Every structure is written in structure tokens, then in C-alpha cells.
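Chemist: For what it's worth, the UniProt record's numbering labels the leading residue of the sequence shown as 1, then goes sequentially.
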Amino acid sequence: MITDFRLKVFKTVAYRLSFTKAAAELLISQPAVTKHISELEKQVGAPLFDRRGGTVSLTPQGALLLDYANRILSLYGNLNDAFADNGCLPSGTIRLGASTTIAQYVLPSMLALFRRRYPDIRIEMAMGNTERIEELTADGRIDLGVIEGKATGHNLHYEHFMNDELVLVTATANSAFRLDEVNRDQLAALPLVIREAGSGTLEVLDEALTRYGLSLREMQIEIQLGSTESIKRYLYHSGAFAFVSVQAVVDELVQHKLRIIDVEGLDIRRSFSFVSAHGQHNRMNDLFKQFCLEANNYKL
Numbered sequence: 001m002i003t004d005f006r007l008k009v010f011k012t013v014a015y016r017l018s019f020t021k022a023a024a025e026l027l028i029s030q031p032a033v034t035k036h037i038s039e040l041e042k043q044v045g046a047p048l049f050d051r052r053g054g055t056v057s058l059t060p061q062g063a064l065l066l067d068y069a070n071r072i073l074s075l076y077g078n079l080n081d082a083f084a085d086n087g088c089l090p091s092g093t094i095r096l097g098a099s100t101t102i103a104q105y106v107l108p109s110m111l112a113l114f115r116r117r118y119p120d121i122r123i124e125m126a127m128g129n130t131e132r133i134e135e136l137t138a139d140g141r142i143d144l145g146v147i148e149g150k151a152t153g154h155n156l157h158y159e160h161f162m163n164d165e166l167v168l169v170t171a172t173a174n175s176a177f178r179l180d181e182v183n184r185d186q187l188a189a190l191p192l193v194i195r196e197a198g199s200g201t202l203e204v205l206d207e208a209l210t211r212y213g214l215s216l217r218e219m220q221i222e223i224q225l226g227s228t229e230s231i232k233r234y235l236y237h238s239g240a241f242a243f244v245s246v247q248a249v250v251d252e253l254v255q256h257k258l259r260i261i262d263v264e265g266l267d268i269r270r271s272f273s274f275v276s277a278h279g280q281h282n283r284m285n286d287l288f289k290q291f292c293l294e295a296n297n298y299k300l
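(1) I believe Thr130 touches Gly200 by the beta-carbon criterion, under 8 Å. Please report the beta-carbon distance rounded to the nearest angstrom.
(2) Return the Cβ separation of Phe114 and Phe291 in integer angstroms, given the expectation that the two are a contact with Cβ distance under 8 Å.
(3) State the DSSP-derived secondary structure class of residue 326, mapped to helix, strand or coil.
(4) For Ser91, does the three-state DSSP call read helix, strand or coil?
(5) With three or more C-beta pairs closer than 8 Å as the rule, is the region 212–221 touching the region 132–149?
(6) Have a look at Gly92, Asp206, Val246, Ala138 and flag the residue whose alpha-carbon is nearest the alpha-carbon of Pro119.
(7) Between Asn296 and the rest of its own chain, which residues show a CB-CB distance below 6 Å, the 5 nearest in sequence each way excluded?
(8) Should the region 121–130 be called in touch with the region 173–182, which here means at least 3 C-beta pairs below 8 Å?
(9) Hey, out of Asp180, Ser18, Glu203, whose CA is closest to Arg52's CA?
(10) Report buried or exposed for Tyr68, applying the criterion of at least 16 other Cβ atoms within 10 angstroms of its Cβ.
(11) Closer than 6 Å by C-beta to Ala103: which residues in its own chain qualify, once you throw out the five before and the five after it? Chain order, please.
(12) Which whole-angstrom value is the C-beta distance of Ile37 and Val13, which I expect to be below 8 Å?
(13) Looking at C-alpha atoms only, which residue of Thr228, Asp262, Gly62 is the closest neighbour of Gln247?
(14) Does Glu203 pass the burial test, meaning 16 or more other C-beta atoms within 10 Å, or should it be called exposed?
(15) For the putative contact between residue 301 and Phe49, defined by C-beta atoms under 8 Å, what is the C-beta separation to the nearest angstrom?
(16) Quick check on Leu266: does DSSP put it in helix, strand or coil?
(17) Can you have a look at Gly213 and say buried or exposed, based on whether 16 or more other CB atoms are within 10 angstroms of its CB?
(18) Tell me whether the beta-carbon of Glu165 lies closer than 9 Å to the beta-carbon of Ser245.
(19) Counting C-beta neighbours from all protein chains within 10 Å, is the total for Leu22 16 or more, i.e. buried, or is it exposed?
(20) Distance, Cα to Cα, Gln255 vs Ala24?
(21) May I have the straight-line CA-CA distance separating Ile142 from Ile94, to the nearest angstrom?
(22) DSSP puts Ala98 in a beta bridge; with which residues?
Laid out in C-alpha cells, this is it:
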């Protein structure tokens, strides 16, 4: 695999803003990281980082080099793809990002199967809400994102991955509420737990409720939490309700920890999508996307 490791070291430090974290991620020693950065600074004739009081930040020259490093390393990736030997298993790194629901409930099993089939491909995965994953993709910090919610980045390319549904759930132990279905007025009166701003789940829910004749401002919002896992655990100890991905509650439904409440006339369906920068074509990314599509279609 052809690359410039020194630029990769610089880029990792620039995004981690930590020599220690960069060393751990790259599986090299911290003195080795320091040496690579020092040699780069000699080559460009300017300091790339300010290191004061235990903090690390990019200098203006460092920010300029980071822009070039992203483009150069991307070209190296294209070069390796162009000369890939189709008779060998592909190797390299996929910088993947996924929104929270997908990272926790959809991708783990697919990643395990993918690694089994392609052991020489390393996966680096970042997790955040949809807005954050779009930002990382646009900035070139990840090669491929998998998100929920609507496409919002005009400079990004979106491809359909799989369908999902949001369902209203509450704890099975919520003995004060025994209905199996609610209407619009009843829904508006329920104590609701929702995701944080920037969440694809919250965006889809907000739009669905608007079409249904309600708005989040009219709902009885009890609390906002930053992940579906925290929402589920909150529900176990409260009489609250939440709209979550059906993918996220399969185990809880089987174990009778949560139950679904039907909402009369409300059906919230959405798509999960792959997101990448426009014009970016990467053999390993395409391989991963195809694998995920097949895994979803055939339930590998």
C-alpha cells in the first residue's frame, strides 16, 4: 500500500489534538509521533502546532498543511485502488462514521461479518448524531458515513441503505398505562422522552408529528437525552414514552422490558443512508457499502 505515513501522523495529531491519542491510534510510540511532526516542521519551515499548558492546537501553517494532507492522502487512496490486484484480498483502512442508532444496533453484526471476510481491512469508526457525521464527512475526517434522517448537506452524496421505522414504546412495567393504542389527543398528553438537537431521529419525529397535526412544542417533553440507550434505561424507571427505532428495541420487546403502543393514523418510516463527499470514489468504501446492502437484503 502506497502512502505517506508522516502526513498520516500529522493528520491524526491534527484531528485528535493530542500526541498521546495519535500514538495510540496509530500503534506507534509517542516519541515516534513527536519525531515525525518535528521532521515535517523542518521541511515546511514553520511550526505546525502550538503546545502550551498541556494543550495542542493547530497553527495557521498547520491548518494550511491539513487541507493539503487531506487531499494528498485521498489521492494516495485512489492510487492504491487503481493498482489493486484483483487476485488478492483488499487491504487498507476504512474511516467510517455512523449516527448513534446505526452504530449501536445495525452495524456491529455487519462489521463482524465484514472483518471475517476481509481480515486485512481495518475499520476506524466514529459515532455521533447525524449532524456530526455529516460534518466529519464534509471535513474529510471520515471517508464514509451511515446516517439516519434527511439529507441536509448539499456538498455531500447520499445513497439509500435500508428502511427503518420509529415506534412509540414504554416500559412493560408501566402499570399506570394499559392502553395498546392512543389517538392524537392522548399522544399529546403523554410524557415524552426525545433525542437531542441534531439527532436524525428527532428530525424525522418532528416532521412526522407536524404532518400528523402536532408539534413538539405541543408535546409533554419530560427530558431530552443523547442516545437511545439512555432513553431506554430512563423508560425502565419512569412512566414516560419515547419514539425509537424498531431496530433498537428488538431484544427489549422479546424480553418484555418494553412494549409498543400503536398511534392511530401515525406511521413513521425513514431511510438510513450512506453519505460521502461528492466525487469521492474509493474501492474499499464501495466494497463495504455493497457488503452491507447484501447483509441487509439476505440477513447474512
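Ideal Cβ positions, reconstructed from N, Cα and C, are used throughout, including at glycine.
Predicted model, so just to flag it, every value in this text is computed and none were measured.
Modeler: Considering the structure as presented:
(1) 3 Å
(2) That belief holds up - the Cβ atoms of Phe114 and Phe291 are roughly 5 Å apart, short of 8 Å.
(3) Nothing in the structure corresponds to residue 326, since the chain is present only between 1 and 300.
(4) coil
(5) no
(6) Gly92
(7) Met162
(8) no
(9) Of the candidates Asp180, Ser18, Glu203, the residue whose Cα lies closest to the Cα of Arg52 is Ser18.
(10) exposed
(11) So the qualifying residues of the chain are Met127.
(12) About 6 Å separates the beta carbons of Ile37 and Val13, which is inside the 8 Å limit, making them a contact pair.
(13) Thr228
(14) buried
(15) With the chain covering 1 to 300 only, the question about residue 301 has no answer from this structure.
(16) Leu266 falls in the coil class under three-state DSSP.
(17) exposed
(18) yes
(19) The residue asked about is misnamed: residue 22 is Ala in this sequence, not Leu. By the neighbour-count rule (16 or more Cβ atoms within 10 Å), Ala22 is buried.
(20) 39 Å
(21) 8 Å
(22) Met127, Val146
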